[in-house]
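Under the working numbering, the sequence shown is numbered contiguously, ending at residue 455. Worksheet: the structure to be examined is printed underneath.
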Amino acid sequence: MQQPKKIAITGSGLVGSLLAIYLMKRGHQVDVYDRRPDIRGTEFSGRSINLAMSIRGWAALENVGIEEEIRKLAIPMHKRTIHVLDEPVFDQYYGKDGEAIYSISRGVLNKKMIDLAEEAGARFIFDTKVWDVKLPEATLFTGESENETWTPHQYDVVFGADGAFSRIRHKMQRRSMFNYSQHFLESGYKELTIPANADGSHKLDKHSLHIWPRGNFMLIALPNLDGSFTCTLFLPFEGDYSFEALQTREQVETFFSNFFPDVIDDISNLVRDFFKNPTSSLVTIKCYPWTYWDKVALVGDSAHAIVPFFGQGMNAGFEDIAALNELMNIHNDDWETIFQEYQKKRKPNADAIAELSYRNFVEMSSQTANAEFHLRKKIEKWFADKHPDKWQPLYSRVTFTTDPYAEALKEGDRQQRIMDEVMKMENLAEDWQSERVENTILSLLEK
């Protein structure tokens, strides 16, 4: 058991709240600061992308005894449902029978996580701006504005869980030898809603992640417990089809009629929400180191913000906390070793899931509607079913195992090279379930 420490966490989001639960159960005193009001008394602002919980997230929740409580908030999604223009809707199953990712409303989950952290004994300090941190002393400074006198708060350890634009990381960036990069996509996103039917049922299949792929833009919809769907429109900021080009009611209605005709009548208050809800950006952030001595550490988006197209942002952040906990079990009160091992273990995996998430944007927006892509995926699934010891599809490895992301990326690249060769075979569409194809893959695996 560790010696109790006085610990501060900046950020009451999902990762910060989970970290608070873990630390409280280890006997520490935990204060959680957030510049926002308590979200349990407010409505979310229309900038949320629904979460897709997978096995990595569930494992982190199970470790601390709250998995079953959170499962009550989740809806299993076994497949993608693809809505292609002027063609029948079709499904792409994610994994084997029974394998699913789970849709959870970000707001509902965050409120529950704060409740559970408070029940464990954590103290939440809302409406409080953290302006600075003295790294060697683990001292936070709070105040109403940047120009007034700040109040110091001394701690033994500080964790930065305050998101992609972390104030704690900003201070660490001023240190020598701190590497940092950020990359914004040229596309942003906007939240819309498909309400429930009058009887509370879902208008679409509630066990699917619905995708309307349209090349360099797309619409997705994930189910909620109340019968609604949270929709997210991903669209370039500029260009012929872009947020910049949609400035009037008529332009928005024409755009949705042309590209999403099967769902336009289902989207509640389309025009009102399109102009009311913010247009948000999508950023990948990488940095290193994530820690300072035995005093300060970054977790979640503060260390490794990624785009949402593999549904792994929350899962990766939760995995950070599980990894920290495992290292605490090994190294007890040696916090400097805990922090050093934590960043060495997690950094390569954070970089790997960032790359995979970016690639999945291309897959979801364009390739999911491509016949050659469908054939490739069918061959991969057929071969994996026949040879599960030799082939596990990349998506399954990332989503349905806890294998390191870096290993999944490496193996995924190898599989892609093999499938590129297979897709060059003549008459493949006619006999893809053949000994000829099977032997080709087997021989390529030996190289």
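Built from N, CA and C at the ideal position, the CB exists for glycine as well. Small disclaimer: the values here were computed from a predicted structure and weren't measured.
Where residue i sits in the DSSP three-state scheme
i	result
K473	There is no way to answer for residue 473, as the model of the chain reaches only from 9 to 455.
K386	helix
I314	coil
K137	coil
T345	helix
V271	coil
R131	strand
F242	strand
T407	helix
Y413	helix
H142	The sequence shown places Lys at residue 142, rather than the His named in the question. Strand at K142.
F237	strand
T299	strand
Q424	helix
Y249	coil
G325	helix
T262	helix
A437	coil
H395	coil
M431	coil
E363	helix
Bridge partners - residue i, DSSP secondary structure assignment
i	result
E319	In the sequence as presented, Glu is not what sits at residue 319; that position holds Gly. DSSP lists no partner for G319.
Y101	K87
Q162	T147
H218	T89 and A229
Q37	K14
V291	F192
G168	T18 and L306
Y110	M61 and P84
T50	According to DSSP, T50 bridges with nothing at all.
Distance, residue j Cα to residue i Cα
i	j	result
S20	D309	13 Å
H178	A379	46 Å
A108	P231	13 Å
Y188	I346	22 Å
N277	N340	54 Å
Q259	A253	8 Å
Y366	T157	42 Å
K198	D213	22 Å
Y350	L335	7 Å
K104	Q423	19 Å
F242	I329	30 Å
E415	S184	31 Å
I228	W220	6 Å
L453	K386	18 Å
Y110	N155	44 Å
G115	D94	35 Å
P297	V315	21 Å
A324	L306	13 Å
T448	W399	14 Å
I176	F268	42 Å
V166	V38	10 Å
T407	L193	23 Å
L233	R79	11 Å
K427	T238	Residue 427 is actually Met in this sequence, not Lys. If I take the Cα positions, the gap works out to 35 Å.
N435	N266	35 Å
D140	E344	22 Å
F173	S404	31 Å
M372	H218	11 Å
H210	D99	17 Å
T262	E246	18 Å
First through last residue of the alpha helix (DSSP H) which encompasses residue i
i	result
T448	E443 to E454
S2	The shown model of the chain, from 9 to 455, leaves out residue 2, and the question about it has no answer.
W66	I63 to N71
I78	E75 to R79
F283	L278 to K284
Residue range of the unbroken beta strand (DSSP E) whose run includes residue i
i	result
N378	It is not in any beta strand (DSSP E) - N378 carries neither H nor E in the DSSP assignment.
H178	Not the beta strand (DSSP E): H178 falls in the alpha helix (DSSP H), residues R175 to M180.
L193	N187 to I202
Cβ-heavy atom distance, residue i to the ligand NAD, below 7 Å
i	result
E77	As for the ligand NAD, it is missing from this structure, which has no ligand bound.
request  = Assess, as a yes-or-no matter, whether the region 313-321 is touched by the region 60-74 under the definition of 3 or more beta carbon pairs within less than 8 Å.
outcome  = Remark: three or more beta-carbon pairs, one from each stretch, lie closer than 8 Å, so the region 60-74 and the region 313-321 are flagged as touching.
key: Inter-stretch contact (C-beta, 8 Å, three-pair minimum) for the region 65-77 and the region 24-38   = With the cut-off at 8 Å, the region 65-77 and the region 24-38 touch.
ask   = Should the region 285-305 be called in touch with the region 263-275, which here means at least 3 C-beta pairs below 8 Å?
value = For the pair of segments examined, the region 285-305 was found not to touch the region 263-275: the number of CB pairs separated by less than 8 Å stays below three.
query = Is it a yes or a no for the region 143-161 touching the region 121-129, going by three-plus beta-carbon pairs under 8 Å?
reply = Under the 8 Å Cβ criterion, the region 143-161 does not count as touching the region 121-129, having fewer than three qualifying pairs.
inquiry  = With three or more C-beta pairs closer than 8 Å as the rule, is the region 82-93 touching the region 41-49?
reply    = Using a C-beta cut-off of 8 Å, the region 41-49 makes no contact with the region 82-93, since fewer than three inter-stretch Cβ pairs fall below that distance.
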